[in-house]
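**Q** These protein sequence lines are chains A and B, in that order. The first sequence begins at -6 in our numbering and counts up one residue at a time. The second sequence begins at -6 in our numbering and counts up one residue at a time. Each residue gets a CB set at the ideal place from its N, CA and C atoms; glycine is no exception. Below you'll find the structure I mean.
Number of protein chains: 2
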Amino acid sequence: MTVSADHVILGIISLYPCSGYDIKEEVETGGAGLFSGLSFGSIYPRLRELERQGLIESQQANTGARKRKLHDLTAAGWEALSEWLGTHSAYPIPTQDELLLKMGFWGSAMPEDRATLIDHLELRREQSLELVDRLEKWPTNGVSSISEYGMLLLKYMQARLEAELGWLDMAIAQLAQPPRPPVQDPRDLIPAQRQRRAKALERAESAEKAPASDHSH
Amino acid sequence: MTVSADHVILGIISLYPCSGYDIKEEVETGGAGLFSGLSFGSIYPRLRELERQGLIESQQANTGARKRKLHDLTAAGWEALSEWLGTHSAYPIPTQDELLLKMGFWGSAMPEDRATLIDHLELRREQSLELVDRLEKWPTNGVSSISEYGMLLLKYMQARLEAELGWLDMAIAQLAQPPRPPVQDPRDLIPAQRQRRAKALERAESAEKAPASDHSH
DNA sequence: CTTCGCATGTAAGAAGTTACATGATTGT
DNA sequence: ACAATCATGTAACTTCTTACATGCGAAG
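See the structure below:
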């Protein structure tokens, strides 16, 4: 499910011959970082392995003053990259989004506390607005390379963020109102959740008050 | 970065007392599956561990005719779940989306072949339309429990999918047209990519034709 | 009577992260 | 002189997945 580190590394090197440090940089602040993550702990070992496999070539380079190891694709590397690009990708569900996941459990575990959820959503809103800002400046920042494809990706993210922000405003407003009843609950699970929770907490509390009653018969 | 399996399991059990198999079911076809994934290989060992930690209680149950082990939260389990819900979540970047990632490398590795990318995007479009359909029927399917929070999640996914589908139509249409020049390319990396690739492939081909010239000096 | 779906589990391994270790160069 | 940044690497560990193993009940 997770995208292979090797492919990300090959892809980034295809953009320009670069060092392990450059790759990390690209993933942290560049466009590739929007859709993948990599740490040094995987970059360097993988670079060695890719070189062993003959997909990349490495050479010491002293551009500037620092010594760095520059990596570039071999013919086999370009072919491996193209082959990967040609294969179909898995549909991106499940979407990794902890906040939304939590929201799905809110009704059962945090029956009363809507304020905390609103707080989470407002934080998300701020962070998304920041990202919108960063993305907006991208095509004119004077440093990033943005191809036609890069521009399409940028538009994808913008469309998605816009939709998310609209939803956030709606959701925050709704949560500030009194709770609404379930939309559909054929097995009456939702009232049962509250009861199960209340019973479990109550039982624990009474056990705490009378701890001597534990060794039965 | 990845959401912890334990929290997902606790969350699903909070919805109703369930077996390991039920949890898998919920993740495959239920709402929780939109934002998390779990396999049997992690569910069963984690259930044992959560029981050992006193966060869940398990009991043999013979509802129906089959023997299953039903799990429910203890007071400590409800508290652990609430505590998790109360903490802030990481911003969901990087977004795990292999297709978009590939698109970012398309210009360097597949300079000519726009048809394959269009094909990928059309497949995505179909899959997203299918999901839209499934989501639309959800609140009236007569079986799923959908709280107010669940309904908000549903609306989130719908907003996001709608934005994605709009973008897909635009992107597919654009890619059917002739290529456009880069939006920004201060270091002229984009033309360089084609040259590096061409040179690497060419070099490999000539080496194949004259394989005897390898032992120099 | 046998195949499919329900149901639980284990063991080996893939893949990546965290934390650590090291050292040079640049800016203040 | 000192800190921050550039730069490369390793080892231990966490976490989850894949593939396998097992068995019962229901349906055809």
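Determine the closest residue to Ser212 of chain A out of B:Ile86, B:Leu94, B:Ala73, B:Ile36, with distance taken between C-alpha atoms.
**A** Not covered by the structure: residue 212 of chain A. The range shown for chain A is -6 to 210.
**Q** Does any residue of chain A bring its CB to less than 8 angstroms from the CB of Val(-4) of chain B?
**A** So yes, Val(-4) of chain B belongs to the interface.
**Q** Note down the Cα distance separating Leu116 of chain B from Gly70 of chain A, rounded to an integer number of angstroms.
**A** Approximately 27 angstroms, taken between the alpha carbons.
**Q** Cβ closer than 8 angstroms: which chain B residues qualify as neighbours of Thr67 of chain A?
**A** Going along chain B in sequence order, the residues near Thr67 of chain A (Cβ under 8 angstroms) are Ala193, Ala197.
**Q** When you compare only the Cα positions, how much space is there between His210 of chain A and Leu3 of chain B?
**A** Unreliable positioning characterises His210 of chain A in this predicted model, as indicated by a pLDDT of 46, which lies under 50. The coordinate reading is nonetheless provided below. In a straight line, the C-alpha of His210 of chain A is about 33 angstroms away from that of Leu3 of chain B.
**Q** If I follow the unbroken alpha helix (DSSP H) through Leu92 of chain A, where does it start and stop?
**A** 91 to 102 is the extent of the alpha helix (DSSP H) around Leu92 of chain A.
**Q** Are the C-beta atoms of Ile16 of chain A and some chain B residue less than 8 angstroms apart?
**A** Cβ-Cβ to chain B under 8 angstroms: no for Ile16 of chain A.
**Q** Among A:Ser12, A:Gly26, A:Glu91, which one has its Cα closest to the Cα of Leu124 of chain A?
**A** Of the candidates A:Ser12, A:Gly26, A:Glu91, the one whose C-alpha sits nearest the C-alpha of Leu124 of chain A is A:Gly26.
**Q** Note down the Cα distance separating Glu44 of chain A from Gln53 of chain A, rounded to an integer number of angstroms.
**A** One C-alpha to the other measures close to 14 angstroms.
**Q** Compare the C-beta of Ser137 of chain A against all C-beta atoms of chain B and say whether one is closer than 8 angstroms.
**A** Output row for Ser137 of chain A: interface = yes.
**Q** Quick one, which of A:Phe98, A:Leu154, A:Ala68 has its alpha-carbon nearest Glu201 of chain B's?
**A** Of the listed residues, the one whose Cα sits closest to Glu201 of chain B is A:Ala68.
**Q** Please compile the residues from chain A whose C-beta is within a distance smaller than 7 angstroms of the C-beta of Glu91 of chain B.
**A** Val(-4), Ser82, Ala83, listed in chain order.
**Q** Shorter than 8 angstroms from the beta carbon of Lys202 of chain B to some beta carbon of chain A?
**A** Chain A contact via Cβ: absent.
**Q** With 8 angstroms as the threshold, decide whether the Cβ of Ile2 of chain B is near any Cβ in chain A.
**A** Chain A, which has no Cβ nearer than 8 angstroms to the Cβ of Ile2 of chain B, makes this no.
**Q** Are three or more beta carbon pairs between the stretch 151 to 167 of chain A and the stretch 5 to 24 of chain B nearer than 8 angstroms?
**A** Cβ pair count under 8 angstroms is below three, so no.
**Q** For Glu50 of chain A, which residues of its own chain have a beta-carbon under 6 angstroms away from its beta-carbon, when the five flanking residues on both sides are left out?
**A** Hits under 6 angstroms: Asp65, Thr67.
**Q** Starting from Ile111 of chain B, follow the alpha helix (DSSP H) in both directions and report where the run begins and ends.
**A** 107 to 130 is the extent of the alpha helix (DSSP H) around Ile111 of chain B.
**Q** Would you please state the rounded distance, in angstroms, between the beta carbons of Met96 of chain B and Leu110 of chain B? I believe it to be under 8 angstroms.
**A** About 7 angstroms; that satisfies the 8 angstroms criterion.
**Q** Using only the alpha-carbon positions, how far apart do Gly159 of chain A and Asp181 of chain A sit?
**A** Their Cα atoms are separated by approximately 31 angstroms.
**Q** Tell me the residue span of the alpha helix (DSSP H) that contains Asp162 of chain A.
**A** From DSSP, the alpha helix (DSSP H) with Asp162 of chain A extends over 141 to 169.
**Q** Who are the near neighbours of Ala164 of chain B in its chain, counting only those whose CB is closer than 8 angstroms to its CB and skipping five residues on each side?
**A** The residues are Leu114.
**Q** Is Gln46 of chain B buried or exposed, if buried means 16 or more other CB atoms sit within 10 Å of its CB?
**A** Exposed is the call here.
**Q** Taking the C-alpha atoms as reference points, what is the distance between Phe98 of chain A and Ile5 of chain B?
**A** One C-alpha to the other measures close to 8 angstroms.
**Q** Just confirm the distance between the C-beta atoms of Lys17 of chain B and Ile36 of chain B, as a whole number of angstroms; I'd bet it's less than 8 angstroms.
**A** So it is a contact: roughly 6 angstroms between Cβ atoms.
**Q** Could you give the DSSP three-state label for Ser209 of chain B: helix, strand or coil?
**A** Because the pLDDT of Ser209 of chain B is 48, which lies under 50, any placement of that residue in the model is unreliable, and the number read from its coordinates should be weighed accordingly. Ser209 of chain B: coil per DSSP, three-state reduction.
**Q** Would Glu21 of chain B and Pro172 of chain A be called neighbours here (beta carbons separated by less than 8 angstroms)?
**A** It is not a contact, given that the beta carbons lie outside the stated cut-off.
**Q** By a C-beta neighbour count over all protein chains shown, 10 Å radius and 16 as the cutoff for buried, is Ala193 of chain A buried or exposed?
**A** Buried, because 16 or more other Cβ atoms sit within 10 Å of the Cβ of Ala193 of chain A.
**Q** Quick check: Gln120 of chain A and Ile139 of chain B, are their CB atoms within less than 8 angstroms of each other?
**A** For Gln120 of chain A and Ile139 of chain B, no; Cβs fall outside 8 angstroms.
**Q** In three-state terms, what does DSSP make of Ser51 of chain A?
**A** Strand, per DSSP.
**Q** Distance, Cα to Cα, Gln89 of chain A vs Arg187 of chain B?
**A** About 35 angstroms.
**Q** In three-state terms, what does DSSP make of Asp65 of chain A?
**A** Asp65 of chain A: strand per DSSP, three-state reduction.
**Q** Considering only the alpha carbon of each residue, which of B:Trp131, B:Arg190, B:Ile183, B:Gly34 lies closest to Gly143 of chain A?
**A** Cα-wise, what sits closest to Gly143 of chain A is B:Ile183.
**Q** Could you name the residues of the same chain whose beta carbon sits closer than 8 angstroms to that of Glu105 of chain B, not counting the 5 residues immediately before and after it, in chain order?
**A** If we look at Glu105 of chain B and ignore the five residues flanking it on each side, it has no Cβ neighbours.
**Q** Starting from Asp15 of chain A and walking both ways along the alpha helix (DSSP H), at which residues does that stretch end?
**A** Element bounds for Asp15 of chain A: 13 to 22.
**Q** In whole angstroms, give me the CA-to-CA distance for Gly79 of chain B and Phe33 of chain B.
**A** Roughly 28 angstroms separates the two Cα atoms.
**Q** For Leu168 of chain A, which residues of its own chain have a beta-carbon under 7 angstroms away from its beta-carbon, when the five flanking residues on both sides are left out?
**A** Excluding positions up to five away in sequence, the list reads Arg107, Leu110, Ile111.
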